[in-house]
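Note that the numbering used here has the sequence shown beginning at 4, numbered continuously upward.
Comments concern the structure below.
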Amino acid sequence: MLATLHKLGIVPSFSRPSVSDDNPYSESLFRTLKYCPAYPDKPFEGIEQARRWVHRFVHWYNLEHRHSAIGYVTPSQRHTGQDTTALLEERHKLYEAAKASNPQRWSGKTRNWKRVDEVWLNPPREIRAREQKV
Numbered sequence: 004m005l006a007t008l009h010k011l012g013i014v015p016s017f018s019r020p021s022v023s024d025d026n027p028y029s030e031s032l033f034r035t036l037k038y039c040p041a042y043p044d045k046p047f048e049g050i051e052q053a054r055r056w057v058h059r060f061v062h063w064y065n066l067e068h069r070h071s072a073i074g075y076v077t078p079s080q081r082h083t084g085q086d087t088t089a090l091l092e093e094r095h096k097l098y099e100a101a102k103a104s105n106p107q108r109w110s111g112k113t114r115n116w117k118r119v120d121e122v123w124l125n126p127p128r129e130i131r132a133r134e135q136k137v
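Here it is as structure tokens:
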């Protein structure tokens, strides 16, 4: 298999020793990709079709898909600073109004709409320790 990779011009990459962040990021991306609403149900007909699909996926991922880990905003909204307290407060009010109008549908509190400052797949030890104290 290694020879085939080299023949195709692919350089195999392995996780760096003692760096646990290598694999989780790619695994997270692959899961998001596989659960994308437009995930293809049959193989691509060729490389150009695959490239077009990936291009559309990247657009969807960055500009349309709301990520739960960053407060249900898109990466683009986060990157450009559009995930303001005002936006999240507006969503909080909307959820509270929905809960008030139909309380039997809600079993507890509504979603937490506070702005998320940092997101980690594998937080450093000091951050994990700090979060466990809270």
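All C-beta atoms in this analysis are idealised placements derived from N, C-alpha and C, irrespective of residue type, glycine included.
| Query | Result |
| --- | --- |
| Of the residues P46, G49, H82, Y64, the one placed nearest P40, counting alpha carbons only | Y64 |
| Inter-residue spacing [alpha-carbon to alpha-carbon] between D86 and T35 | 21 Å |
| Reduced DSSP secondary structure (H/G/I, E/B, other) of H70 | strand |
| V76, DSSP secondary structure in three states | strand |
| Candidates V119, R118, E99, V122: closest to G111 by CA position | E99 |
| Contained beta strand (DSSP E) runs [length at least 3] in the region 26–54, N- to C-terminal order | none |
| Neighbour-count burial assignment, T77, 16 or more Cβ in a 10 Å radius | buried |
| Length at least 4, wholly inside the region 76–137: the alpha helix (DSSP H) runs in chain order | 78–82, 88–104, 128–136 |
| Cβ neighbour criterion (16 or more within 10 Å) applied to L66 | exposed |
| Cβ neighbour criterion (16 or more within 10 Å) applied to G74 | buried |
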